[in-house]
Every structure is written in structure tokens, then in C-alpha cells.
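Enquirer: Residue numbers (my numbering): 83 to 451.
Submitted below is the structure of interest, expressed as C-alpha cells.
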Amino acid sequence: MSTNFSPLFKPWQHGNLTLKSRIVMAPMTRSKSPGGVPGPDVATYYRRRAENAVGLIITEGTAVPHAAAANDPDVPHFYGEAALAGWKRVAQEVHAAGGKIMPQLWHVGAVRRAGQHPNPDAKPVSASGLFRPGKQVTDPMTDSEIADVISAFATAAASAHRIGFDGIEIHGAHGYLIDQFFWDGTNIRTDAWGGDAIRRMHFAAEIVKACRRATSDSFPIALRFSQWKQQQYEAKLATTPAELSTILAPLTDAGVDIFHASNRRFWEPEFDGSTMNLAGWTKKITGKPVITVGSIGLDTDFLQTFGAKSAGVESVHLDRLMTMINDDEVDLAGVGRMLIADPEWATKLRDGRMSEFKPYSRDSLAHLA
Ligand SMILES: Cc1cc2nc3c(=O)[nH]c(=O)nc-3n(C[C@H](O)[C@H](O)[C@H](O)COP(=O)(O)O)c2cc1C
83 MSTNFSPLFK PWQHGNLTLK SRIVMAPMTR SKSPGGVPGP DVATYYRRRA
133 ENAVGLIITE GTAVPHAAAA NDPDVPHFYG EAALAGWKRV AQEVHAAGGK
183 IMPQLWHVGA VRRAGQHPNP DAKPVSASGL FRPGKQVTDP MTDSEIADVI
233 SAFATAAASA HRIGFDGIEI HGAHGYLIDQ FFWDGTNIRT DAWGGDAIRR
283 MHFAAEIVKA CRRATSDSFP IALRFSQWKQ QQYEAKLATT PAELSTILAP
333 LTDAGVDIFH ASNRRFWEPE FDGSTMNLAG WTKKITGKPV ITVGSIGLDT
383 DFLQTFGAKS AGVESVHLDR LMTMINDDEV DLAGVGRMLI ADPEWATKLR
433 DGRMSEFKPY SRDSLAHLA
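This is the structure:
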């Protein structure tokens, strides 16, 4: 490899968020917090990445304080004294290693099935009660259920602010609750929360505003969104730059500071006639900083690696990433699986030790450390 990776290791600053590198650890569920409480091992796990040149860590999705938010008893909560004490230690350790960290605030919505732990009695909630187009799994949310979830996000944001996190990321991607409002396949409401593209953004916009009110004017709020849904990989929220502009405007107005545009392969152009990806377009349209993500450093996208395939290490597309950073098309680079497989991935890249990269496989998840 002859690519110069130094642009990835230039510090980055926005408002009062200063990062030592452009490398962001993408949020990745670990299911290693029994009872919802992240233990000292979770702090060690994130600290190892921060010690190795990762500028910003976005934690695994962590449940907001709402009974139906999670569907796995080992996913961490972002509420309750024990869980928040665990998270406070995580933030302290990452800070001690010179890193910054935001929790990814998560509600799974209708991806949760009735009876699932940690709260088997809680009814799944979703915009129109749909898991995917035509598949009704629960009732449409009432106004008071919507208000409860908005306030759950705000409470979690206030906790993040109080216990020393550097911002929050709101999980609006991949077909979970917020995305169930975004997507016309799962939001068939005709009231203030649905009906057209702008009204489908209303729920997320209210969450962003509530999180802002619960924290401070300068507390960074990132929003992750995606075209693809786990229910339907070909789904799209926007098929043209004009449609993307329509949906991003209410979110920008609500106060999103950083957009995290989730792609499976970052090098793929989003719309015809331009090489720009979803993150690039988002930055061009909103003027806000963006994180790009999707198979950075890998040759196989992450849905394929949930099957038997392992992912090989590759370099071709990293040239494209450097161009995107150098041209200010994107600001930050989200890295997922490579940072699971190899906590030292970023330092090895920086120091030209690419031959030492550890490959990612399903086994990497079993030995997650
Ligand atoms: C094991 C695993 C768990 C994940 N969990 C989450 C999650 O909790 N929240 C989220 O937004 N994305 C999650 N993702 C998606 C990643 O954040 C990332 O977008 C995806 O892996 C693509 O990046 P990569 O190709 O560098 O791995 C997960 C991915 C993997 C592989």
C-alpha cells in the first residue's frame, strides 16, 4: 500500500468537540452487559480502542428508559443507577486514553417481539404497529406513547450530559423505532407524525429538540440514519438529492450537529451523476459535519459476514476514503468490524503495519475483547 493515511490522523474540531483523529468507532452491539449493566470489561474494551488512535467512540446501542426499548437482556441500559455508574466508568477510561465518546441511544420499536426480555410484559411499539410493509405486530402508537418515548430519549441525553459523555448519537437507522417513523413502508399514519416525508421526520425532530432542551446548547447531538432497513435492504428514504434535502431539513432545523449516514459500502455513489455517497450528499445539503461508514478496510460488507464468510482486508477503497477526507466531502470515518477484529487497527494503519491487521470473522464476535 502506498496510500498516505495521514489525513485520517489529523485532529478535528467542531464546536467544543475536539477529536485526536478522524477515526470513529461505529456503534456495535456486543450483548455483554448482563442485566443491562456495563461492567469494567466494557470500559476496558472501549479504552483499548481509544488508546489506539480512535478519535471518537460511538458505543453499542444502549436502551433508553422505556420498557419496550430493548429486545436482549444483555444489551446495556442507559438508565438506572448501576448501569449509569458503569457507563460513567466507561467514559472516564476513554477520556484517560485521550478519546471522546458518545452513547448510541436506541429504541428497537417493532423489531422487538412480544415476550422478549428484558421486559417480557412490555408491548412492542411502532409508528403504525408495522414491522415491515404489511406485517402488523402491534398497535399504532398513541400520542401519549409517542410523548413517553420522546421523553425517554431526553432523559437518557440528560444522563449522558451529566455523567461526562461528549455528546450523544440518536439511532435513527436500520429499521428500528425512529426509522419506522422515517420509512413510508412502516409509517402509514395520517396525523402529525406521518402522511408525507416531512411529517415522517417529526418524531425524530421532536426527539432531537427534547434532547437539546435536556442538555445544553453546545452538547453535540449526532443522528444516525440509513436508506437500508434490516426489514428490506433495498428500501430508500430518498431516491434523489431533492428528496434527501426534504427529509434532512427538519432534522437540521431541530438541531442535529453531526449526521452519521450509514452505508454498507462507503465507496458506492448514492445518486446517478456523482461519485458522492450518502454522507457526502448529506454534508453538501445540510452543511453539517458527517461521518461516513461501511466496509472501511474490508472487502466484504457486514451483512455478508453475518453468514459464514469472513472478511478479507483490502486497500483499494481506502484511496477513495482519503480523497473524500482531503476534499472535505466527509469529515469522519466510521470503522466497525475492523475495530472489533483488531483494537490496534488504527495505530497499525497509521504506522504502516498493515501486514499485521487481524482479519474479521464471525469468530471475532465470540472473542470480543
Ligand atoms: C456485530 C455488529 C453489531 C452492530 N450493532 C450496531 C448497533 O448497535 N447500532 C448501529 O447503529 N449499528 C450497528 N452495527 C452496524 C455498524 O455500526 C456498521 O454500520 C456496520 O458494521 C458497517 O461498518 P463496517 O463495515 O466497518 O463493519 C453493527 C454491526 C456489527 C457487525
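Using N, Cα and C, we set each Cβ at its ideal position, and we do this for glycine too.
Everything numeric in this text was worked out from a predicted model, so none of it was measured.
Please state whether the Cβ-Cβ distance between G337 and V372 is less than 7 angstroms.
Expert: No, these two residues do not count as a Cβ contact at 7 angstroms.
Enquirer: Go ahead and label T374 buried or exposed: buried means 16 or more other beta carbons lie within 10 angstroms of its beta carbon, across all protein chains shown.
Expert: Buried.
Enquirer: Take S344 as the anchor and find which of Q312, L319, R306 has the nearest alpha-carbon.
Expert: Checked all of Q312, L319, R306; the closest Cα to S344 is R306.
Enquirer: For T300, which residues of its own chain have a beta-carbon under 8 angstroms away from its beta-carbon, when the five flanking residues on both sides are left out?
Expert: Looking at the sequence shown, residue 300 is not Thr but Ser. Excluding sequence neighbours, S300 sits near G97, N98.
Enquirer: At what residues does the beta strand (DSSP E) containing S344 begin and finish?
Expert: 340-344 is the span of the beta strand (DSSP E), which, as asked, contains S344.
Enquirer: How long is the line joining the alpha carbons of W349 and L138, rounded to whole angstroms?
Expert: Taking the straight line from one Cα to the other gives about 22 angstroms.
Enquirer: Considering only heavy atoms of ligand 1, does any lie closer than 6 angstroms to the CB of H159?
Expert: No, the Cβ of H159 stays beyond 6 angstroms of every heavy atom of ligand 1.
Enquirer: From G267, P332, P323, pick the residue whose C-alpha is nearest to that of E316; which is it?
Expert: Out of G267, P332, P323, G267 has the C-alpha closest to the C-alpha of E316.
Enquirer: With C-beta atoms as the reference, is G143 less than 7 angstroms away from W188?
Expert: A contact, by the Cβ cut-off of 7 angstroms.
Enquirer: Do F264 and R282 have their C-beta atoms within less than 7 angstroms of each other?
Expert: Contact flag set, yes.
Enquirer: Can you give me the C-alpha to C-alpha distance between A108 and G418, rounded to a whole angstrom?
Expert: Taking the straight line from one Cα to the other gives about 5 angstroms.
Enquirer: State the Cα-Cα distance for the pair E438 and L380, rounded to the nearest angstrom.
Expert: About 14 angstroms.
Enquirer: Ignore the nearest five residues each way along the sequence and tell me which others in P302's own chain have a CB closer than 6 angstroms to its CB.
Expert: Around P302: L99, G249, D339.
Enquirer: Measure the alpha-carbon distance for M110 versus S233 and round it to whole angstroms.
Expert: So the two alpha carbons sit approximately 24 angstroms from each other.
Enquirer: Counting Cβ pairs, one atom from each stretch, are 3 or more of them under 8 angstroms apart for the segment 251-265 and the segment 196-204?
Expert: No: fewer than three Cβ pairs fall under 8 angstroms.
Enquirer: When burial is assigned at 16 or more other CB atoms within 10 Å of the CB, is Q95 buried or exposed?
Expert: So Q95 counts as exposed.
Enquirer: Under the DSSP definition of a beta bridge, which residues are partnered with R306?
Expert: Paired residues: H253, H342.
Enquirer: Would Q218 be called buried (16 or more neighbouring beta carbons within 10 Å of its own) or exposed?
Expert: The residue is exposed, with fewer than 16 neighbouring Cβ atoms inside 10 Å.
Enquirer: By how many angstroms is the C-alpha of L319 removed from the C-alpha of S308?
Expert: Approximately 8 angstroms between the Cα atoms of the pair.
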